[in-house]
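J.: Sharing a structure, written as structure tokens. Questions coming.
Now the structure itself:
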């Protein structure tokens, strides 16, 4: 069963569901999808025994996990305490340091411009101003010198409060021309953790991923092994369960640092599925139902990557207007014909030459 806002009444996920329930008020779809109370109450009335948050809106929200527990509904994901830790980037970095992972030098979090400017004295420029509760490139500003720092803090703080309801930010040492490598992990509720190797997400724009590759090209085997082992160690250290991604920055000298953990399935999870033949979404559901990795037939020694997979996010934007989100008509769409190509696209439910629409949000 599925929930949908009025504006998404023609969406693919609704048409594929056996049952669907409209939530929220017409004209306020984002508010609808952020309504923990209404989503949990709808699930309760429908007789659902679990809520799967996917990779949007409330997928990293500890309040939903907590509300599910109170209602006797399984939340398909880690517990509320783990979500609170991973959702606070400063706390996550501290936990990574405790687990023995390499981390960047950073300041204490604050919403005070003066405090953060003072803290910058112990850091080297360039650095990043980052929202404690940030994600998707929002609440983040790169700063090249001290003169630009106060304004960057103010802008990032305002953006963070608008996007996440929390103006707190912190300063972090910047890594010059890094590769962005993330490790997919899978953990059950009995303390067992495995990795499913890595993805390279270095091609980004506005700090948002554009292309994801698996496995990461030209990554030495010894370095891959260390990064994957660190990802498993971090997940085990914080008591993680379900699917998650541990993210690293890799510099040109071959040294890497932990930056964050995404405590959910990610958009790019399919490239990992392609090279490992592991169905991550099915694994999430089975783990949430109480099964162990052994029940899924998953052991570290049995996961062997093969081939390569690539995902490209093609968004509807206006290149003549600063690549702002835009609508338009799809006049032609030709998909790969090779049997091995795992092609997915959105909007897949639209008829030929249908207009695309992004009424309230974008990536």
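In UniProt numbering, the protein residues as written are 1 to 363. Don't be surprised by glycine CBs; every beta carbon is placed ideally from N, CA and C.
(1) Of all the options 4, 168, 10, 146, which has the alpha carbon lying nearest to the alpha carbon of residue 30?
(2) Between the Cα of residue 87 and those of 250, 292, 238, spot the shortest distance and give me the residue it belongs to.
(3) Evaluate contact between the segment 63 to 74 and the segment 128 to 135, counting only Cβ atoms and requiring at least three cross-stretch pairs below 8 Å.
(4) Determine the contact status of residue 58 and residue 40, defining contact as a CB-CB distance below 8 Å.
(5) CB residue 269 to CB residue 285, shorter than 8 Å?
(6) Can the beta-carbon of residue 127 be found less than 8 Å from the beta-carbon of residue 153?
(7) Quick one: Cα of residue 62 to Cα of residue 223, how far?
(8) Let me confirm a value: residue 79 is counted as buried when at least 16 other C-beta atoms fall within 10 Å, else exposed. Which label applies?
(9) May I have a chain-ordered list of the alpha helix (DSSP H) segments no shorter than 4 residues that lie completely inside the segment 152 to 226?
(10) In terms of residues, what are the limits of the beta strand (DSSP E) holding residue 22?
(11) Could you tell me which residues DSSP pairs with residue 1 in its beta bridges?
(12) Excluding five sequence neighbours on each side, which residues of the same chain lie with their C-beta closer than 7 Å to the C-beta of residue 326?
(13) Using 8 Å as the threshold, is the C-beta distance between residue 194 and residue 300 below it?
(14) Would you say residue 241 and residue 187 are within 8 Å of each other, going by their C-beta atoms?
(15) Mark residue 158 as exposed unless 16 or more other C-beta atoms lie within 10 angstroms of its C-beta, in which case mark it buried.
(16) For residue 155, which residues from the same chain have a beta carbon less than 7 Å from its beta carbon, with the 5 sequence-adjacent residues on both sides left out?
(17) Give the secondary structure of residue 258 by DSSP, where H, G and I count as helix, E and B as strand, and everything else as coil.
(18) Could you tell me which residues DSSP puts in a beta bridge with residue 366?
(19) What are the boundary residues of the beta strand (DSSP E) that includes residue 247?
(20) Can you tell me where the alpha helix (DSSP H) holding residue 92 begins and where it ends?
(21) Thinking C-beta only, is residue 275 closer than 8 Å to residue 214?
(22) Are the segment 240 to 259 and the segment 167 to 183 touching by the rule of at least three beta carbon pairs closer than 8 Å?
(23) Assign residue 196 to one of two classes, buried (16 or more other C-beta atoms within 10 Å of its C-beta) or exposed (fewer than that).
(24) With a Cβ-Cβ cutoff of 8 Å, do residue 171 and residue 106 count as a contact?
(25) Using the three-state DSSP reduction, which class does residue 352 fall into: helix, strand or coil?
(26) Name the two residues that bound the continuous beta strand (DSSP E) containing residue 36.
(27) What three-state label does DSSP hand residue 238 in the structure shown?
(28) Would you tell me roughly how many angstroms separate the C-alpha atoms of residue 160 and residue 192, rounded to the nearest one?
(29) How big is the Cα-Cα spacing for residue 139 and residue 148?
(30) Measuring from the CB of residue 60, is there a heavy atom of the ligand FAD at a distance below 7 Å?
(31) By the DSSP assignment, the beta strand (DSSP E) with residue 376 in it spans what residues?
(32) Is the CB-CB distance between residue 93 and residue 103 below 8 Å?
(33) First and last residue of the beta strand (DSSP E) that includes residue 141?
(34) Express the C-alpha separation of residue 143 and residue 219 in angstroms, rounding to a whole number.
(35) Report the CB separation of residue 264 from residue 55 in whole angstroms; it is logged as a contact under 8 Å.
(36) For the beta strand (DSSP E) that residue 127 lies in, which residues bound it at each end?
T.: Concretely, from the data shown:
(1) 4
(2) 238
(3) no
(4) no
(5) no
(6) no
(7) 33 Å
(8) buried
(9) none
(10) 20 to 22
(11) The partner list for residue 1 (beta bridge, DSSP) is empty, contrary to what the question assumes.
(12) 316, 317, 318
(13) yes
(14) yes
(15) exposed
(16) 141
(17) strand
(18) Because the chain in this structure spans residues 1 to 363, residue 366 falls outside the shown range and cannot be described.
(19) 242 to 250
(20) 89 to 98
(21) yes
(22) yes
(23) buried
(24) yes
(25) Residue placement at residue 352 is poorly supported in this model, since its pLDDT is 44, which falls under 50; the coordinates still yield a value, given next. Here residue 352 sits in coil by DSSP.
(26) Not the beta strand (DSSP E): residue 36 falls in the alpha helix (DSSP H), residues 36 to 46.
(27) coil
(28) 35 Å
(29) 16 Å
(30) The ligand FAD is absent from the structure shown, which contains no ligand whatsoever.
(31) Nothing can be reported for residue 376: it is not among the residues displayed for the chain, which extend from 1 to 363.
(32) yes
(33) 138 to 143
(34) 29 Å
(35) 5 Å
(36) 127 to 135
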